[in-house]
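> Our numbering numbers the first residue of the sequence shown as 80 and each following residue consecutively.
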Amino acid sequence: MLRLVAIAMLLTGFSACGQTLKYTAYFDNDKAVPTDVQMDGFLSFTKILDTITIQNVTLTGYCDDTGSVAYNVALSQKRAQYFANYFKNNPVSIEIKGIGELPLENTIDTLAARSKNRRTDIVIRYISATKLAIEDIPVTNITPVTAIAPKEPEPEHFVYKAFSDNLQVGDRLLLDKLVFIGGRSELRKRSGKALVDLLAYLKRNPQLYFEIQGHVCCIYSYQKDAVDEDTQENHLSLNRARFIYNYLLKNGIAKERMTFNGYGRQYPIPNGAESDNKRVEILVTKVAN
């Protein structure tokens, strides 16, 4: 019989290496408080702290490269300080550092790179794990276990209609010929014809009332939306929908027929390329008699 340590852990968003535990929490743009999803992960992480003896904690905050240097240093300090409150009842040494902005990686996907830089790294060094249960388990009784990451919910699958269809309430039009510039709420020049075709269709069908829905690609599931590089607002999908709304309004589509909204990356296209999620759709909300 071999003396074995039986330890079962659910590792969500952090890693263990020797005598060090690390968790990284991410933030929305210009925020000093993490998202609810990130906090859920952090609180799951803290459950393991009851099983170890902590030596010290290092909290290091960072920002992306938008904003002034002084502002980003202060914001990164706040991001690190936010987590210090969760260790105040634990008599350990806590080091809090605000690094400020991190340089942008040389990458095409600047949104994803910036989102990785908006974070706090929580590093916990511990001396021992004296509270872990140790059992004598016969080798023959050990059943190999494969850790399986929890599956994310399957994205809702929408069925899209064509301009030639008889549209009803709940039907959707995928405007895949309207192509936006990455990180911006401005269309590429080649989208001009598709925009004119949409306008002509809506003028021919005044009975249709609709919502313009903006979507983005290339962000994490915990992020509500992407940053619009023109406005520096965290509302890129909303701004893209607003762009189409303003164009239609300016060119004669009645205001009462339209609404617009942004949905971030809540509804990625199943089995599609990530870039396909950067899109605008039309949802029919009413068909007048």
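Note that CB positions come from ideal geometry on N, CA and C, so glycine has one too. Predicted model only: the values in this text are computed from it and were never measured.
May I ask which residues mark the beginning and end of the beta strand (DSSP E) holding K101?
It spans T99 to Y105 - the beta strand (DSSP E) in which K101 sits, taken as one unbroken run.
> Could you work out which residue in V148, N368, S172 and T130 is closest to N284 when comparing CA atoms only?
The shortest Cα separation from N284 among V148, N368, S172 and T130 belongs to N368.
> Sort D107, E360 and K365 by Cα distance to K195 and report the nearest one.
Minimum Cα distance to K195 is reached at D107.
> Taking buried to mean at least 16 other C-beta atoms within 10 Å of its own C-beta, is A320 buried or exposed?
Flag for A320 reads buried.
> According to DSSP, is V275 helix, strand or coil?
V275 falls in the helix class under three-state DSSP.
> Assess contact between the region 262-278 and the region 316-334, defined as three or more Cβ pairs (one per stretch) separated by less than 8 Å. Is contact present?
With a cut-off of 8 Å, the region 316-334 and the region 262-278 count as touching, because enough Cβ pairs lie within range.
> Under 8 Å: do the region 354-364 and the region 287-294 share three or more Cβ pairs, one atom per stretch?
Counting Cβ pairs under 8 Å, three or more are found: they touch.
> List in chain order: all unbroken beta strand (DSSP E) runs of 3+ residues lying wholly within the region 307-342.
The qualifying runs are 337-341.
> Less than 8 Å between the beta carbons of V366 and L190, yes or no?
Their beta carbons are not under 8 Å apart, which means V366 does not touch L190 by this criterion.
> Just list the beta strand (DSSP E) runs in the region 106-184, keeping only unbroken ones of 3 residues or longer that don't cross its boundaries, in chain order.
For the region 106-184, whole beta strand (DSSP E) runs of length 3 or above, ordered along the chain, are 132-142 and 172-180.
> Going by the beta-carbon positions, is the gap between V249 and V136 smaller than 8 Å?
Looking at the sequence provided, one finds Gly at residue 249 rather than Val. Cβ distance not < 8 Å, so G249 and V136 don't count as in contact.
> Measuring alpha carbon to alpha carbon, tell me which residue in T125, D304 and I173 is nearest N340.
When only C-alpha atoms are compared, the closest one is D304.
> Could you tell me which residues DSSP puts in a beta bridge with F289?
M337 and V363, per the DSSP bridge assignment.
> In the DSSP output, which residue or residues are listed as bridge partners for L190?
Bridge partners of L190: none, in fact.
> Put R344 into one of helix, strand or coil per three-state DSSP.
Coil at R344, not helix or strand.
> Could you work out which residue in Q117, L253 and L154 is closest to T145 when comparing CA atoms only?
Selected option, being the one with the closest Cα: L154.
> Measuring straight from C-alpha to C-alpha, what distance separates S270 and L253?
So the alpha carbons of these two residues sit roughly 14 Å apart.
> Between E290 and the rest of its own chain, which residues show a CB-CB distance below 7 Å, the 5 nearest in sequence each way excluded?
Within the same chain, E290 has close Cβ partners T338, F339, N340, L362 and T364.
> Name the DSSP beta bridge partners of K240, please?
DSSP lists L252 as partners of K240.
> Compute the Euclidean distance between the alpha carbons of A352 and T139, then round it to the nearest angstrom.
Whole-angstrom Cα-Cα distance: 35 Å.
> Quick check on R197: buried or exposed, where buried means 16 or more other Cβ atoms within 10 Å of its Cβ?
When all chains shown are included, R197 counts as buried.
> Below 6 Å CB to CB, which residues in the same chain sit around K256 once its five sequence neighbours on both sides are set aside?
Around K256: A273.
> So, helix, strand or coil for L257, using DSSP?
Of the three classes helix, strand and coil, the one that applies to L257 here is coil, per DSSP.
> Below 7 Å CB to CB, which residues in the same chain sit around R204 once its five sequence neighbours on both sides are set aside?
So the list reads Q98, T99, Q134 and N135, once near-sequence residues are dropped.
> So what does DSSP say about L246, is it helix, strand or coil?
Note: L246 maps to coil in three-state DSSP.
> Whole-angstrom Cβ separation of L281 and I332, contact assumed at under 8 Å?
Their Cβ separation, rounded to whole angstroms, is 5 Å, which keeps L281 and I332 in contact under 8 Å.
> Roughly how many angstroms lie between the CA atoms of N164 and T310, to the nearest whole one?
N164 and T310: Cα-Cα distance of roughly 33 Å.
> Among the candidates G343, D109 and I323, whose CA atom is the shortest distance from the CA of K334?
Nearest option by C-alpha distance: I323.
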